[in-house]
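Enquirer:
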Amino acid sequence: RILSFIADDSETESEDEADLVAIPSLSPRPGFPLGPDQVPLGPLVLAKGIMVPAAINTYLREYQRDGVRFFWELYDQGRGGLLGDDMGKTIQVISFLSAIMKKYGDTRDIDRRRKHVSQLQDRPEWAERRTLPPADATWPTCLIIAPSSVVPNWEREFQTWGYFEVGVYTGSQREDVLVDFKMGRLDVVITSFDLARRDITLLEDLAWSTIIVDEVHRVKNPRSKITEAYNRFACMRRFGLTGTAIQNSYSELWTILDWTNPGKLGTSKQWKGYVVKPLTIGQSMKATEEERTKALAVAMIVRDKLLPKFFKRRRLPTKIDEVVFCPLTPTQINVYKRILSIGPVQNLMRKDEQCECGSRKKRKDCCHPFEKGDVLKHMSILIKISNHLGLILPAPSDTPEQTVRHRELAEYVFAGEPIPKYGTAIMQPQYCGKWAVLDMLLRDWRKDRSNKVLLFTKSVKLLEMLEFHLGKNGYGFLKLDGSTKQSDRMPMIDEFHRNPDVFVFLISTLAGGTGLNLTGANKVVIFDPNWNPAHDLQAMDRAYRFGQRRDVSVYRLLGAGSIEELIYARQVYKQQQMAIGYQASIQTRYFDGVQGDTSRQGELFGIKNIFKLHEDTLATKVAIERASIVELDWALAHLHGKNKRRAKLKADDWVHEADVKGGKEEADLRGLSALLFDDEPPDLAEENDVQKTLGEIGVRYSHRNDDILQPSRIEEERSRDALRKHKERKAAARKRKQAGESEPASRSKAPEEQWPPKRKHHRAPASPQTLLVSRQRALIELGMIQSPAHLPTFAQSFGRMRGEEQQEVIAKLDEQAGYHS
1 RILSFIADDS ETESEDEADL VAIPSLSPRP GFPLGPDQVP LGPLVLAKGI
51 MVPAAINTYL REYQRDGVRF FWELYDQGRG GLLGDDMGKT IQVISFLSAI
101 MKKYGDTRDI DRRRKHVSQL QDRPEWAERR TLPPADATWP TCLIIAPSSV
151 VPNWEREFQT WGYFEVGVYT GSQREDVLVD FKMGRLDVVI TSFDLARRDI
201 TLLEDLAWST IIVDEVHRVK NPRSKITEAY NRFACMRRFG LTGTAIQNSY
251 SELWTILDWT NPGKLGTSKQ WKGYVVKPLT IGQSMKATEE ERTKALAVAM
301 IVRDKLLPKF FKRRRLPTKI DEVVFCPLTP TQINVYKRIL SIGPVQNLMR
351 KDEQCECGSR KKRKDCCHPF EKGDVLKHMS ILIKISNHLG LILPAPSDTP
401 EQTVRHRELA EYVFAGEPIP KYGTAIMQPQ YCGKWAVLDM LLRDWRKDRS
451 NKVLLFTKSV KLLEMLEFHL GKNGYGFLKL DGSTKQSDRM PMIDEFHRNP
501 DVFVFLISTL AGGTGLNLTG ANKVVIFDPN WNPAHDLQAM DRAYRFGQRR
551 DVSVYRLLGA GSIEELIYAR QVYKQQQMAI GYQASIQTRY FDGVQGDTSR
601 QGELFGIKNI FKLHEDTLAT KVAIERASIV ELDWALAHLH GKNKRRAKLK
651 ADDWVHEADV KGGKEEADLR GLSALLFDDE PPDLAEENDV QKTLGEIGVR
701 YSHRNDDILQ PSRIEEERSR DALRKHKERK AAARKRKQAG ESEPASRSKA
751 PEEQWPPKRK HHRAPASPQT LLVSRQRALI ELGMIQSPAH LPTFAQSFGR
801 MRGEEQQEVI AKLDEQAGYH S
């Protein structure tokens, strides 16, 4: 027995480990060629007798080994968990299963279970009772539930990374798969979301050692049929895989974590009270100091004390995510305004005004009733107009009902003008402001023949238009939408990666936005944004995932000033929720609105924000500049120029006592409150040529999405200041209570004479308002800004500086103003 190499992670050599060393003659899998910097490794030891075979461990990255350990630790404790990586989740799962199933990673694993069952059937017990032990009696078993589009990918990865006995529970062979599993012949069963829900009665009580749900964010609604069905599984070692656990609200994270660990995070009501409410209120730009401090306290406890027990998340290092605000064409603007002036839209906008008839009732309750369906109907129309006017014209593929509806709409918006024909309209640039931007990007990228592009849209008609557009310009492309057969998808992916003439992969966001591995692409265009940021993020991650060796550039195209800008602003709000919920990231407060609070809708929520056109201003740009100036003003009024050492914020610094008193239920709540009470983006080189050309074709504004989601150092200092004041108030209150005297009495007490007397020649500290004014003046005097008009640009630049750089700037301003900070 020879063990020539043991992984750094391995413990001392044992006979079991020696058995798991890759033996070339036994065709170990995956058996990829080693890279120039790779060396063969031994097994990854998780516990005595539990290890990932050397054949697999050799090809794992360190973060993947860490993920395997995460799975094992929870599995060993009889618990479940959530893996939130953006990439490499499938391989981590297979590595973990190879360890608990005690695989060799070579041909010794072939038909292991079938041979074992055959041996059991040769025994007298089988002849007498016709019974076999449970399927997991000898080796653990696993059920994997995944979107139907990626079930074949899971099967393929199991074949690539080992010799697993896998049954695919889809199609006509489902009965045979169940029989094989019950007899103990299968390691793994793979099925789809809908089948697992539909056949839950057949699956819920089977001998699963663990259940793994890919894209588990679908289990986000506690009242959905999928969630209700999956909660019936008897197996408690439940694991979820997702890159986007928080899609729309913090409540979704509770639903997913509660599925993985039933009852361990309290009730939904408790979660909403202790987590959702303080975080959403604290995210508002209008939040008070107390609300901000409480939100940060909750966020840091969730990040530092709660999530590590259930949740692991890591990200890839390099991605450019550029948001381009594409100007609407004059024709698009005119049509947009016509829709906003239409009767049903005006009814929606004015529904809460007093009726003109004198009844003193609201219009919606009197002479101007409206249909709730009008909201979605006209939102859909505005989204279509923001992308391409051809989307509201009668098209050859329309049903008779759609043809009538589109003709009536076209007659209204083109009143007095000839109605464009669909076939010619899709070729006309005056009907789509995004065409010029897309044309420029594709022309620029095609100069380098190694570039490959993923082009996503959620609209079937836009998919057809883009298909025509690509063909007209001579670009080689493939198209994947909801009609693409599952059996055709993997060959298409292989063709995209293999064929240098295939430049673009045109994909429906909902049909191909999850599960597909398209790392051959290094450019991604999201043609139309989704209300749910998870759909767009998942689309980006088709290229930005494990195996990607090039930087990935993502361009999201928005109709400037339109409803698409509001969609994007909501995405930013939700992504900030993700950053706060995952990392307790202290985010810049760009918006006044509070999700779920009708009294604080701000600029994000409510009907009036939906049906609005920002024709002359870019609302997103204004919101970002306003927030940056607010932060800069606070910094100029409060920050010190000295380089004071500050310890990194710790969760314990922020813990607040719960104001809960009473019986057992209150005691439980108090326990939960105690429990519940930087992800730096990459610094990538600017694509200056692209930015320059965007300006030349009329794009007035674009920005890096990651820039506006960075943690705010100024907000962190502001939170420290709020916490300090909070502690001072509490300390003062305690002193008054201990002294047994009221505040007025303490004020009336004559001060004692001090000796030696204080010296009077020191200048009193400047007030925050004085500091703000003098430092603003010094900015201009030192040439850091030329005029107040340049303040927004400087504010954003200042906000991105490191803490030491900010302090150096403050010191220079104070020196100019004659202060010593």
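Letter by letter, the sequence shown follows residues 1 to 821 in UniProt numbering.
Note that beta-carbon positions come from the ideal geometry of N, C-alpha and C, so glycine has one too.
Because the structure is a prediction, the values reported are computed rather than measured.
Taking only heavy atoms of the ligand COA into account, decide whether any of them is closer than 8 Å to the Cβ of Gln575.
Expert: Absence of the ligand COA is noted for the structure shown, with no ligands found whatsoever.
Enquirer: Looking only at C-alpha atoms, which of Leu306, Glu625 and Ala436 sits nearest to Ile708?
Expert: Glu625
Enquirer: Tell me, to the nearest whole angstrom, how far the beta carbon of Pro147 is from that of Glu252; I am working on the premise that it is less than 8 Å.
Expert: Going by Cβ atoms, the distance from Pro147 to Glu252 rounds to 18 Å, so no, they are not a contact pair.
Enquirer: For the stretch 292-358, list the beta strand (DSSP E) runs that are entirely contained and at least 3 residues long, ordered along the chain.
Expert: Runs of the beta strand (DSSP E) inside the stretch 292-358: 320-326.
Enquirer: Confirm, please, whether the CB-CB distance from Met465 to Gly559 is below 9 Å.
Expert: Gly559 is not a Cβ neighbour of Met465, given a cutoff of 9 Å.
Enquirer: Considering only the alpha carbon of each residue, which of Leu46, Ala47, Gly42 and Ala55 lies closest to Ser25?
Expert: Ranking Leu46, Ala47, Gly42 and Ala55 by Cα distance to Ser25 puts Ala55 first.
Enquirer: Does the stretch 148-168 come close enough to the stretch 94-107 to have 3 or more Cβ pairs within less than 8 Å?
Expert: yes
Enquirer: Can you say whether Ile697 is buried or exposed, counting buried as having 16 or more other CB atoms within 10 angstroms of its CB?
Expert: Exposed, since its Cβ has fewer than 16 Cβ neighbours within 10 Å.
Enquirer: Helix, strand or coil for His368, going by three-state DSSP, please let me know.
Expert: DSSP places His368 in coil when its eight states are reduced to three.
Enquirer: Excluding the five sequence neighbours on either side, which residues of its own chain have a C-beta within less than 7 Å of the C-beta of Pro185, listed in chain order?
Expert: According to the sequence displayed, residue 185 carries Arg and not Pro. The answer, listed in chain order, is Arg113, Arg114, Val117 and Glu165.
Enquirer: Return the residue from the list Glu356, Leu82 and Gln796 that minimises the CA-CA distance to Ser628.
Expert: Gln796
Enquirer: To the nearest angstrom, how far is the alpha carbon of Lys479 from that of Leu557?
Expert: 20 Å
Enquirer: Output the distance between the C-alpha atoms of Asn261 and Lys309, rounded to the nearest integer angstrom.
Expert: As the crow flies, the alpha-carbon of Asn261 is around 10 Å from that of Lys309.
Enquirer: Give a yes or no on whether the C-beta atoms belonging to Ser209 and Thr131 are separated by under 9 Å.
Expert: no
Enquirer: Roughly how far, in whole angstroms, is the beta-carbon of Val189 from the beta-carbon of Asn705, given that I think they are within contact range, below 8 Å?
Expert: Actually they are not in contact, since the Cβ atoms of Val189 and Asn705 sit about 39 Å apart, beyond 8 Å.
Enquirer: For Asp352, which residues from the same chain have a beta carbon less than 6 Å from its beta carbon, with the 5 sequence-adjacent residues on both sides left out?
Expert: Lys362
Enquirer: Return the chain-ordered list of same chain residues with a C-beta closer than 8 Å to the C-beta of His368, the five sequence neighbours on each side being excluded.
Expert: Asn347, Arg350, Lys351 and Cys355
Enquirer: Closest to Tyr274 by CA distance: which of Thr288, Val298 and Met285 is it?
Expert: Val298
Enquirer: Go through the stretch 380-451 residue by residue and report every complete run of the beta strand (DSSP E) that reaches 3 residues or more, in order.
Expert: For the stretch 380-451, not a single whole beta strand (DSSP E) run of length 3 or above is found.
Enquirer: According to DSSP, is Ala135 part of a helix, a strand, or is it coil?
Expert: If DSSP states are grouped into helix, strand and coil, Ala135 belongs with coil.
Enquirer: Starting from Asp633, follow the alpha helix (DSSP H) in both directions and report where the run begins and ends.
Expert: Ala619 to His638
Enquirer: Quick one: give me the first and last residue of the alpha helix (DSSP H) that Gly282 is part of.
Expert: Lys277 to Gly282
Enquirer: Thinking Val150 and Thr170 are a contact (beta carbons under 8 Å), I'd like their distance in whole angstroms, please.
Expert: Actually they are not in contact, since the Cβ atoms of Val150 and Thr170 sit about 12 Å apart, beyond 8 Å.
Enquirer: Could you give the DSSP three-state label for Tyr104: helix, strand or coil?
Expert: Residue state, collapsed to three classes: coil.
Enquirer: Report yes if the CB atom of Ala817 is closer than 9 Å to the CB atom of Ala778, and no otherwise.
Expert: If you check the CB distance, Ala817 and Ala778 come in under 9 Å.
Enquirer: Buried or exposed for Pro429, going by 16 or more other Cβ atoms inside 10 Å?
Expert: exposed
Enquirer: Using 9 Å as the threshold, is the C-beta distance between Ser224 and Ser386 below it?
Expert: no
Enquirer: So which of Ile493, Pro500, Leu257 and Glu408 has the shortest CA-CA distance to Asp448?
Expert: Pro500
Enquirer: State the DSSP-derived secondary structure class of Val93, mapped to helix, strand or coil.
Expert: Assigned with DSSP and collapsed to three states, Val93 falls in helix.
Enquirer: His614 by DSSP, collapsed to three states: which one?
Expert: coil
Enquirer: Could you give the first and the last residue of the continuous alpha helix (DSSP H) run that contains His497?
Expert: Gln486 to Arg498
Enquirer: By the 10 Å Cβ neighbour count, where 16 or more other Cβ atoms means buried, how is Lys452 classified, buried or exposed?
Expert: buried
Enquirer: Evaluate Lys312 with the Cβ neighbour count: other Cβ atoms within 10 Å of its Cβ, from every protein chain shown; 16 or more gives buried, anything less gives exposed.
Expert: In summary, Lys312 is buried, with 16 or more beta-carbon neighbours lying within 10 Å of its beta-carbon over all protein chains present.
Enquirer: Suppose the cutoff is 6 Å on Cβ atoms and the five residues either side in sequence are ignored; what does the same chain contact list for His614 look like?
Expert: If we look at His614 and ignore the five residues flanking it on each side, its Cβ neighbours are Gly561.
Enquirer: Looking only at its own chain, which residues have a Cβ that is under 6 Å from the Cβ of Arg237, when we skip the five neighbours before and after it?
Expert: Shown here for Arg237: same chain residues with a beta carbon closer than 6 Å to its own, the five before and five after excluded, namely Tyr75, Gly80 and Thr210 in chain order.
Enquirer: Would you call Ala685 buried or exposed, if buried means 16 or more other Cβ atoms sit within 10 Å of its Cβ?
Expert: Note that Ala685 scores a pLDDT of 40, beneath 50, so its modelled location is shaky; the value from the coordinates is reported in the next line. Label assigned to Ala685: exposed.
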